[in-house]
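Asker: Structure incoming, see below.
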Amino acid sequence: MSGMNGTRAVRVLLFGAAADQAGARELELQVRDGATLGDLWNELTGRYPGLTPMGDTLAFAVNQEYAGMERRVSPGDEVAILPPVSGG
Amino acid sequence: MSGMNGTRAVRVLLFGAAADQAGARELELQVRDGATLGDLWNELTGRYPGLTPMGDTLAFAVNQEYAGMERRVSPGDEVAILPPVSGG
Amino acid sequence: MFAIVEGPLVVGEIISGAFRPDCGAVATFIGTTREDATEGARVEYLEYEAYRPMADRKLAEIGREIAERWDVREVRIVHRIGRVGLGEPSVVIVVAAPRRGAAFEASRYAIERIKQVVPIWKREVWSDGYVWVGSQVGTRPAARALR
Amino acid sequence: MFAIVEGPLVVGEIISGAFRPDCGAVATFIGTTREDATEGARVEYLEYEAYRPMADRKLAEIGREIAERWDVREVRIVHRIGRVGLGEPSVVIVVAAPRRGAAFEASRYAIERIKQVVPIWKREVWSDGYVWVGSQVGTRPAARALR
């Protein structure tokens with residue numbers, strides 16, 4: 008959501024091995040206007056370098072639908088960091 | 008089994024539609040030495056003509072294993088007349 | 038476990054009994070009796086008849102064929118005979134395997150083989166007579182016409 | 038019926054609820070947790086985690102994909118999450134169809150799709166640590182080496 012100071016926050020959820028590697032399951036990130044999932048990922052790995060080696064294996068969802076790195080993220084979006092699924 | 012008079016009987020079981028068409032589920036037939044399933048079938052259709060139209064669809068078993076028309080039948084054998092199976 | 042039984046099949050028990058810690062996949066196939074209807078008549082129930090013990094032996098033989106072809110650890114086939122109501126299970130096939138490919142393939146193989154070689158026959162009892170499935174012989178008007 | 042549940046799956050109930058008089062075939066797939074062992078260590082139990090409600094929506098989406106591709110009349114997928122003991126079911130898939138070909142194909146499709154797109158993760162808890170299946174990340178000696 009847009010704050011009074013112009014910052015824009017998205018909610019980021021991490022699952023499975025990604026939560027382990029980051030040491031966090033849920034956090035908020037400020038994103039600038041026009042930011043993409045790719046920008047958010049760069050920000051995230053800057054803060055949690057343990058995620059970097061998982062990069063190639065991860066999928067991303069925005070508002071509970073799979074999305075590519077070019078996808079724009081907006082305030083209030085729910086972004087999820089999804090390791091290779093292993094249900095069944 | 009060989010009787011005192013030299014006759015040789017096999018037990019014949021009929022199932023499903025074949026039992027319907029013959030009007031019998033179980034019977035004994037005398038067979039001569041060296042008789043085959045084919046001979047027995049001829050004897051059977053002579054006695055129960057209702058079976059004749061089913062001939063092409065039937066399978067036969069001797070002592071509970073599928074057998075062809077050339078198979079010899081011996082006294083004490085159990086012969087089964089098997090319409091197309093429809094289990095499952 | 039290969040069996041021909043009279044009376045309802047308790048599907049959950051048959052299946053759960055096949056769970057094994059060395060298997061990750063359990064594929065099952067359940068045949069249920071299907072409602073059928075034509076103009077003015079409908080199936081009321083089915084009645085299965087088996088040639089025993091040949092049918093029992095053939096079920097076990099299918100189990101051996103499966104064990105030769107796939108890495109499976111448990112195969113169960115239970116076929117019901119006698120009167121079976123509509124929508125009720127007539128056969129339950131359970132295959133437990135380490136891997137799902139084998140479990141799927143073997144369960145499909147089992148039902149195809151049952152329909153080829155196991156001496157069991159199904160009679161559909163309609164509101165206007167019966168018919169032996171596969172032979173089209175019976176007391177229904179249409180079946181009588183084929184005699 | 039598409040559900041993600043905590044606690045044991047009652048397989049018989051899930052399956053029997055899918056029997057329908059217009060269907061002759063019910064194919065099911067049950068995934069069970071598999072024992073695994075390496076030198077000096079073994080799996081003690083599994084723990085599943087889901088991203089809900091995305092996972093629920095993806096299960097329902099698989100159901101819609103199946104309905105578009107095959108003539109099926111009932112599809113049920115129930116996935117368990119949380120701790121699951123060895124040899125216990127973690128997922129039950131049930132497909133009822135008029136004909137068996139469709140039932141077999143659709144049940145296989147369902148498990149393959151679950152393993153592709155449903156956000157559920159499995160953690161193997163070993164006697165010497167845990168590992169996230171698929172990521173090979175965890176606290177086991179071998180998993181730590183990969184970090």
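Protein chains in written order, with the working numbering: chain A, 8 to 95; chain B, 8 to 95; chain C, 38 to 184; chain D, 38 to 184.
Think of the CB as a built atom: it goes at the ideal place given N, C-alpha and C, for glycine as much as any other residue.
Please classify residue 87 of chain C: does DSSP put it in a helix, a strand, or coil?
Answerer: strand
Asker: I need the DSSP call for residue 22 of chain B, collapsed to helix, strand or coil.
Answerer: In this structure, residue 22 of chain B counts as coil in the three-state DSSP scheme.
Asker: How is the alpha helix (DSSP H) around residue 146 of chain D delimited, first residue to last?
Answerer: 137-154
Asker: Taking all protein chains shown into account, do 16 or more other C-beta atoms lie within 10 angstroms of the C-beta of residue 153 of chain C, making it buried, or fewer, making it exposed?
Answerer: So residue 153 of chain C counts as exposed.
Asker: Pick out the complete beta strand (DSSP E) segments inside the segment 62-128 of chain C, 3 residues or longer, and give them in chain order.
Answerer: 62-69, 78-87 and 111-122
Asker: When the cut-off is 9 Å and only beta carbons count, does residue 178 of chain D lie next to chain C?
Answerer: no
Asker: Give me whichever residues DSSP pairs with residue 47 of chain D in a beta bridge.
Answerer: Answer by DSSP bridge pairing: none, since residue 47 of chain D is not bridged.
Asker: Tell me which residue opens and which closes the alpha helix (DSSP H) that residue 50 of chain A is part of.
Answerer: First-last of the alpha helix (DSSP H) with residue 50 of chain A: 44-54.
Asker: Roughly how many angstroms lie between the CA atoms of residue 88 of chain C and residue 115 of chain C, to the nearest whole one?
Answerer: 15 Å
Asker: Short of 6 Å in beta carbon distance, which residues of its chain neighbour residue 11 of chain A, apart from the five on each side in sequence? Order them along the chain.
Answerer: A caution first: residue 11 of chain A carries a pLDDT of 46, below 50, which makes its placement in the model unreliable, though a value can still be read off. The answer is none, since no qualifying residue turns up.
Asker: Please identify, using Cβ separations under 8 Å, the residues of the segment 51-82 of chain D that lie next to chain C, in order along the chain.
Answerer: Residues passing the 8 Å Cβ filter: 52, 53, 56, 57, 58, 59, 60, 61, 62, 63, 64, 65, 66, 67, 68, 69, 70, 71 and 72.
Asker: Which one of C:168, C:123, C:111 and C:138 has the shortest CA to CA distance from residue 97 of chain C?
Answerer: C:111
Asker: So residue 169 of chain D packs on residue 24 of chain A, CB below 8 Å; how close in whole Å?
Answerer: 4 Å
Asker: Can you tell me whether residue 37 of chain A is helix, strand or coil according to DSSP?
Answerer: Correct three-state label for residue 37 of chain A: strand.
Asker: Below 9 Å between beta carbons: does that hold for residue 70 of chain A and residue 50 of chain A?
Answerer: At a Cβ-Cβ threshold of 9 Å, residue 70 of chain A and residue 50 of chain A do not count as neighbours.
Asker: Considering Cα atoms alone, identify which of B:36, B:20, B:39 and B:90 is closest to residue 62 of chain B.
Answerer: Closest by alpha carbon: B:90.
Asker: Got a sec? Which residues, its chain only, sit under 6 Å from residue 182 of chain D by beta carbon, not counting five neighbours each side?
Answerer: Unreliable placement is indicated for residue 182 of chain D, whose pLDDT of 48 sits below 50; the coordinate value is still reported in the next sentence. Closer than 6 Å at Cβ, skipping near neighbours: no residue.
Asker: At the level of alpha carbons, what is the spacing between residue 22 of chain A and residue 59 of chain C?
Answerer: 28 Å
Asker: Measure the C-alpha to C-alpha separation of residue 19 of chain B and residue 127 of chain D and round it to an integer number of angstroms.
Answerer: 51 Å
Asker: In chain C, which residues lie with their C-beta within 9 Å of the C-beta of residue 117 of chain D?
Answerer: Those do not exist, as residue 117 of chain D stays about 13 Å from chain C at its closest Cβ, beyond 9 Å.
Asker: Just the chain D side, please: which residues come within less than 8 Å of residue 10 of chain C by C-beta, in chain order?
Answerer: Given that chain C is displayed from residue 38 to residue 184, the structure contains no residue 10 of chain C and the question cannot be resolved.
Asker: Which chain G residues are close to residue 94 of chain D, counting only those with a beta carbon under 7 Å from its beta carbon?
Answerer: The structure shown has no chain G; the protein chains it does contain are A, B, C and D.
Asker: Using a Cβ-Cβ distance under 9 Å, would residue 95 of chain A count as near chain D?
Answerer: yes
Asker: With a Cβ-Cβ cutoff of 9 Å, do residue 28 of chain A and residue 53 of chain A count as a contact?
Answerer: no
Asker: Just to confirm, is the Cβ distance from residue 49 of chain C to residue 63 of chain D under 9 Å?
Answerer: no
Asker: Quick check on the DSSP output: the beta strand (DSSP E) that includes residue 77 of chain A runs from which residue to which?
Answerer: Where residue 77 of chain A is concerned, there is no enclosing beta strand (DSSP E), given that its DSSP letter is neither H nor E.
Asker: So that I know if they touch, is there some Cβ in chain C lying closer than 9 Å to that of residue 20 of chain B?
Answerer: yes
Asker: Check each candidate in D:123, D:43, D:145 and D:124 and name the one with the smallest Cα separation from residue 132 of chain D.
Answerer: D:145
Asker: Classify residue 166 of chain C as helix, strand or coil using the three-state DSSP reduction.
Answerer: strand
Asker: Let's test the definition: count the other Cβ atoms within 10 Å of the Cβ of residue 8 of chain A and tell me whether it reaches 16, buried, or not, exposed.
Answerer: Summary for residue 8 of chain A: the model assigns pLDDT 44, below 50, so the residue's position carries little reliability, and this model does not support an answer.
Asker: Would you tell me roughly how many angstroms separate the C-alpha atoms of residue 123 of chain C and residue 81 of chain C, rounded to the nearest one?
Answerer: 7 Å
Asker: Against chain C, with Cβ distances strictly below 9 Å, would residue 112 of chain D count as a contact?
Answerer: no
Asker: Pop quiz: residue 107 of chain D and residue 142 of chain D are said to be a contact at Cβ under 8 Å. What is the actual Cβ separation, rounded to whole angstroms?
Answerer: Confirmed, Cβ separation roughly 6 Å.
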